[in-house]
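So the structure is just underneath, and the comments pick up after that.
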Amino acid sequence: MWIKVLDKAPKEGTMLAVTAAGKALFVTLNNGQLYCAENRCPHEDIALTLGCLKGNRVKCSLHGYSFDLATGESSEVDVGAMQTYPVKQDNNEIYIEV
Ligand code: FES
Numbered sequence: 834m835w836i837k838v839l840d841k842a843p844k845e846g847t848m849l850a851v852t853a854a855g856k857a858l859f860v861t862l863n864n865g866q867l868y869c870a871e872n873r874c875p876h877e878d879i880a881l882t883l884g885c886l887k888g889n890r891v892k893c894s895l896h897g898y899s900f901d902l903a904t905g906e907s908s909e910v911d912v913g914a915m916q917t918y919p920v921k922q923d924n925n926e927i928y929i930e931v
C-alpha cells in the first residue's frame, strides 16, 4: 500500500523523518535519487537522521557504521541491514510503500 508522507521531496542531501503505518522512517534525496528507510540504526536504537549522508550511504552518528541507501547493506559483517522501502514521487508528493 502506497502512503503519502511528504508534500514535496526533501532538499538534495538532506534526510527528513516521517511516520507511516506506525513506522518511524526517513526519506532522502541523494544525487537526485529518492530513498526511504527505517529511521533506526540496526546496531542500537538511535535515529539515523542524527547521522549524515556519505556517498550512497547513511552514516550513523553513534559508532559510525554505515548503510547503503538502496540495499540497506551494513558496513559491518556482524550488524544487520537497514530496512529499506520503495519510494516514489507523484507530481510533487512523496509516497512510500509499506
Ligand atoms: S548505534 Fe548506529 S552504529 Fe552503533
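Convert by adding 833 to the 1-based position in the sequence shown; the result is the number in the numbering used here. Heads up, the beta-carbon is just placed ideally off N, CA and C, and yes, glycines get one too. Source: prediction; values computed, not measured.
Take the alpha-carbon of N872 and the one of D923: they are about 23 Å apart. In this structure V860 is buried. Its beta-carbon is surrounded by 16 or more other beta-carbon atoms within 10 angstroms.
Membership of C885 in the beta strand (DSSP E) is indicated by the continuous run C885 to K887. As the crow flies, the alpha-carbon of N863 is around 8 Å from that of T847. By the 16-neighbour rule on beta-carbons within 10 angstroms, A914 is exposed. Collapsing the DSSP output to three states places L895 in coil. C893 and L881 do touch by the CB rule: their CB atoms are close to 6 Å apart, below 8 Å.
In the three-state DSSP reduction, T917 falls in the strand class (E or B).
Exclusion of L886 from the 6 Å shell around ligand 1 follows from its C-beta lying no nearer than that to any non-hydrogen atom of the ligand.
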